[in-house]
Structures are given as structure tokens and as C-alpha cells.
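Peer 1: Positions in the sequence shown are counted from 1; adding 2 to them yields the working numbering.
We treat Cβ as the ideally placed atom computed from N, Cα and C, and that holds for glycine.
Have a look at this one.
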Amino acid sequence: MDVFKYLPQLVVAYDGNDGPANLVHVKKADKNKDYFCPCYGVAVKPRALDSNKEQPHYYHKTEKCTRESQIHFFYKNWLFRTGSKFYIDGQLFEASSIDIEKKWHTKFGDYQPDITVYTTSGQTIYFEIFFSNRKTVNDYFCIWDSLGNDVVEVNIKEYMYKTDRNDIPAFTYLYHGGKCYSKTYAKKDLYANTIAKIKQELSGQKILNYKSRIEQLDWFWQIIRNNGTKEEILTTIALMEYDDMLSCYGIIKKIHCVSYLKNDVLGIINKKVIQDTSHSLNLPHDENIYFDLMHLHGRTYEAGIRLDIKTPHIVFNGFYRRCKHPGYPGIVFSKNVYNASEISIPKSKMNELENVFRETARYKQNLLKYENVLAAFEGNQYKIRVKNNFYTVLAKIYGDNFEPVLDGYFMETLDIKTLQGLLTTQF
């Protein structure tokens with residue numbers, strides 16, 4: 003068992019309380035002499051100088067200073083001070099000034115590192131101190147990435163035993179250049195494993211509009227952290243590119259408080275893939291007629307042309323006429339998320355797809371004409387609704403009361419005389 007696990011102890015003290023005084027490490031202290039606490043100036047004495055079971059330390063003869071004040075003093079005056087030099091991964095730095103527990107504001111929230119060191123070469127470096135337990139709060143990466151400065155983690159135990167302040171301490175980066183070098187942090191931080199990696203890749207490759215994409219990803223993360231509304235989250239995702247949508251979909255599934263949105267996000271992604279595919283086919287533009295997929299079974303879909311139109315009397319939101327060959331073209335996706343690369347339309351089938359589009363366009367025009375006929379025929383005697391080739395007709399009985407006379411009757415033609423004949427047979 004590590005007998006020093008419960009530490010830190012006070013390991014430096016002044017050798018005088020009046021005038022100039024020197025800081026003395028406990029291992030260089032005289033056990034018969036009084037020293038003075040560097041935090042509050044009260045008397046302390048060295049203890050356990052020759053012990054193999056207890057760490058040498060100064061103990062307070064009367065009141066004690068706090069654990070926190072000891073730590074901060076130790077690092078401010080022993081490890082870092084103006085002119086202190088230190089290595090990080092082999093590169094030498096010199097401190098021009100330091101701040102203890104300075105608060106930094108970011109769009110992801112406030113960040114308060116234990117020590118902020120400003121170097122003579124212009125860098126700002128954050129130092130995080132730990133004894134036996136690292137910080138476990140998630141989402142440091144978004145804050146570090148937003149601030150853009152390096153972060154170093156310091157194990158205080160490694161420096162408790164140093165007796166010479168002339169030794170130049172050496173550290174390694176915890177966070178540097180958009181990367182985290184600690185598996186402990188990286189494993190637990192969802193931002194680091196998703197958005198941070200995407201941002202690094204976008205920045206490194208200078209992908210077109212990468213700055214805009216990075217801003218969208220960070221904005222999405224900020225909405226998630228701030229418990230944004232369903233509308234805010236979905237609207238933000240809808241504006242993204244396909245790859246970034248997929249990343250956000252993966253994040254949504256992992257965060258419990260928003261996982262209920264996964265089907266909504268999946269719908270947005272699949273809709274975008276269909277729209278992009280439709281545009282790539284160079285079919286004539288019609289907001290009511292477009293390329294779409296119809297689910298057959300499992301992950302298998304059939305391609306065709308969808309008619310989506312709504313008038314006061316007619317609603318049509320399905321395939322008017324599918325491509326003639328079964329399974330044209332049969333599309334089997336590897337996942338529930340659509341992938342444009344898996345939607346392959348053979349050139350030999352494009353003529354057929356274009357013919358279906360033209361036939362659907364003609365049918366749309368016929369529906370619009372029939373809408374006017376239904377409106378004139380309906381008058382005050384009937385309420386007529388048509389949905390995807392099926393009639394629903396309510397006949398007026400008396401006053402404001404209507405009774406169904408045709409419900410779900412298949413419409414073979416758009417002939418009003420046929421409809422009149424059907425209604426006549428009902429009375």
C-alpha cells in the first residue's frame with residue numbers, strides 16, 4: 003500500500019519570519035529549528051525526517067493552513083514563478099507570469115484551471131494538478147478546443163520529493179494542437195471522440211467550407227449542453243452536410259436526455275440523401291413530383307417517382323406509378339441510415355424513370371382539373387375527399403348533418419359521371 007496516498011503534506015517553509023527569508027525544503031531542514039508556514043506565517047517544525055514509513059513534512063505547532071492553500075503556494079512559489087523554466091515534451095519554456103485559478107469564459111461554459119502560465123515566447127498554458135484522482139467531469143475538450151491553448155496535467159507526487167528548485171521540471175502535454183494525449187480523458191469525453199476528431203480532420207485537409215462546418219458542429223454541441231429544444235437541435239442538424247449529420251446522429255444516440263430524437267434525426271438524414279440523389283438525376287423540377295424510395299422489407303427499398311400534392315378535396319402522397327420491373331432498381335442499404343453511394347440507378351433504367359416522371363406530371367395536371375370539378379359538384383349537398391385514388395363521400399341528410407355514403411371506394415377514373423352513378427345507386 004502506498005503510505006503517501008493521502009498526501010500532500012507541507013514540504014517547504016521559510017527559515018525566518020522577519021526580513022529576508024529563504025524557502026527550505028523539509029529534506030534540508032534542521033529538526034531542532036523552527037520554521038514558518040509560507041501560507042500564513044505561523045510556526046511549523048519538520049517531522050519524520052528519517053522515517054521510512056511516513057513522508058517527511060512540516061507540521062503546524064498551532065493552527066493549520068488549508069490543504070488548498072498549501073497546494074497553491076507550493077506550485078506558485080516552488081514549481082512556478084516569474085523566470086521559472088520548464089520543459090514540455092522536450093521544448094523549453096520560461097514563465098513570464100502566472101495566475102492561480104483564473105476563470106476563463108467560453109461559449110461552452112467557464113473554465114478554471116489550477117494554474118495559468120504565460121510564457122516569454124507568448125504561449126498561454128493551463129496546468130491541471132491532481133494527486134490520486136483526476137477530474138472526472140466530461141466535456142473538457144470543447145472548452146480546451148475553444149480556448150485554443152495547451153493543457154498540461156501535473157502529478158503533484160512527482161514533485162513533492164524534489165529538493166532543489168534549480169531542477170528544471172519536465173512535463174508532457176495533456177492537450178495540444180487539437181489532440182488529447184491522455185487515454186483517461188479521451189476515453190471518457192464524447193466531444194473528444196466525435197466532434198474534436200472531425201474538426202481536426204476538416205482543419206487538416208482544409209475541406210471546402212470547413213470553417214462553417216466547424217461552427218455548425220460546435221453550435222450543435224453547445225445546444226446539447228444547454229438543454230436546447232427539440233426544434234433547435236433538429237434545425238441545426240438539418241443545415242449540416244451528410245457526414246456531419248451522421249456524427250451528430252451518433253452523439254444523439256449516446257446522450258440519454260436527447261436519445262428520444264434519434265428517429266427524427268434519422269428521418270432528416272435519409273430525407274437529405276433522397277433529395278441529393280434526386281438532384282443528381284437531373285429530372286425536371288417539380289416541387290410535387292420527385293424521386294423517392296418505397297420501403298419493401300428490412301433494408302430493401304424500391305425506387306420510383308412520388309407525387310405529393312394537397313388540394314381542398316384531394317390528397318395524394320404516394321407513388322402514382324412505380325417502375326414496371328419488380329425490384330427496379332432493388333436497393334439494399336447496409337444500415338438503416340441511407341447512403342447516396344448505395345443508391346445506384348443504372349443508366350439503362352433512366353429512360354424508364356423519366357417516363358414515369360412524365361406520366362406522374364400528367365396525372366398531377368388531371369388531379370388539379372378534377373379538383374375544380376369536385377368543388378363545383380360538391381356544392382351544399384356533399385362533402386367529398388379523395389386520398390390516393392380512394393373516395394370518401396359524405397351526403398347531406400338534413401340540416402348540418404352528413405352521413406357517409408362512400409368510404410374508401412377505389413377511384414378508377416377521374417370521371418364525375420362515374421361518381422354520380424355511384425352516388426345514385428346508394429339512394
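Shortest alpha-carbon distance to Lys255 belongs to which of Val267, Leu94, Leu396 and Leu25?
Peer 2: Looking at the Cα atoms, Val267 is the closest of the given residues.
Peer 1: Residues in its own chain within less than 8 Å of Gly252 by CB, not counting five upstream and five downstream?
Peer 2: The residues are Thr196.
Peer 1: Going by Cα to Cα distance, which pick from Ala45, Thr313 and Thr302 is closest to Phe335?
Peer 2: Of the listed residues, the one whose Cα sits closest to Phe335 is Thr302.
Peer 1: Please look up how many angstroms separate the CB atoms of Thr121 and Phe95, rounded, as I've assumed it's under 8 Å.
Peer 2: Confirmed, Cβ separation roughly 5 Å.
Peer 1: Label Asp147 either buried or exposed according to how many other C-beta atoms from any shown protein chain fall within 10 Å of its C-beta, with 16 as the threshold for buried.
Peer 2: Classification of Asp147: buried, given that the 10 Å Cβ count is 16 or more.
Peer 1: DSSP state of Thr420, grouped into three classes?
Peer 2: Thr420 falls in the helix class under three-state DSSP.
Peer 1: Looking at the secondary structure, which residues open and close the beta strand (DSSP E) in which Asn272 lies?
Peer 2: Premise fails: Asn272 lies in the alpha helix (DSSP H), Lys264 to Ser282, not in any beta strand (DSSP E).
Peer 1: Using 8 Å as the Cβ pair cut-off and three pairs as the minimum, do the region 261-280 and the region 332-349 touch?
Peer 2: Yes, the region 261-280 is in contact with the region 332-349.
Peer 1: Is the closest heavy atom of the ligand MG to the C-beta of Phe335 under 7 Å?
Peer 2: For the structure depicted, the ligand MG is absent and the ligand set is empty, with no information on it obtainable.
Peer 1: Of the choices Glu380, Gly410 and Asn24, whose alpha-carbon is the least far from that of Thr394?
Peer 2: Comparing Cα-Cα distances from Thr394 to each of Glu380, Gly410 and Asn24, the minimum goes to Gly410.
Peer 1: Under 8 Å between the Cβ atoms of Tyr244 and Asp191?
Peer 2: For Tyr244 and Asp191, no; Cβs fall outside 8 Å.
Peer 1: Counting only the same chain and skipping the five closest in sequence on each side, list residues whose C-beta sits under 8 Å from that of Asn314.
Peer 2: The residue you asked about is not Asn; residue 314 is Pro in the sequence shown. Around Pro314: Glu373 and Ala377.
Peer 1: Return the first residue and the last residue of the beta strand (DSSP E) that Ile386 is part of.
Peer 2: Tyr384 to Lys389 is the extent of the beta strand (DSSP E) around Ile386.
Peer 1: Does the pairing of the region 175-186 with the region 147-158 give three or more beta-carbon distances under 8 Å?
Peer 2: Short answer: they touch.
Peer 1: Would you report the Cα separation of Thr426 and Lys385, rounded to the nearest angstrom?
Peer 2: Spanning the two alpha carbons is a distance of roughly 15 Å.
Peer 1: Write down the C-beta distance between Gly332 and Glu304 rounded to the nearest angstrom, noting that I regard them as a contact closer than 8 Å.
Peer 2: Going by Cβ atoms, the distance from Gly332 to Glu304 rounds to 7 Å, so yes, they are a contact pair.
Peer 1: Please classify Gly18: is it buried, with 16 or more other beta-carbons within 10 angstroms of its beta-carbon, or exposed?
Peer 2: Flag for Gly18 reads exposed.
Peer 1: Sort Tyr128, Asn382 and Ser350 by Cα distance to Glu103 and report the nearest one.
Peer 2: Comparing Cα positions, the closest option is Tyr128.
Peer 1: Using the Cα positions of Gly124 and Thr238, report the straight-line distance between them to the nearest angstrom.
Peer 2: Spanning the two alpha carbons is a distance of roughly 37 Å.
Peer 1: Rounded to the nearest angstrom, what separates Leu309 and Gly401 at their Cα positions?
Peer 2: Cα to Cα, Leu309 sits roughly 37 Å from Gly401.
Peer 1: Measuring alpha carbon to alpha carbon, tell me which residue in Leu396, Asp32 and Ile291 is nearest Glu405.
Peer 2: Among Leu396, Asp32 and Ile291, the Cα nearest to that of Glu405 belongs to Leu396.
Peer 1: Can you look up Ala31 in the DSSP assignment and give me helix, strand or coil?
Peer 2: Residue state, collapsed to three classes: coil.
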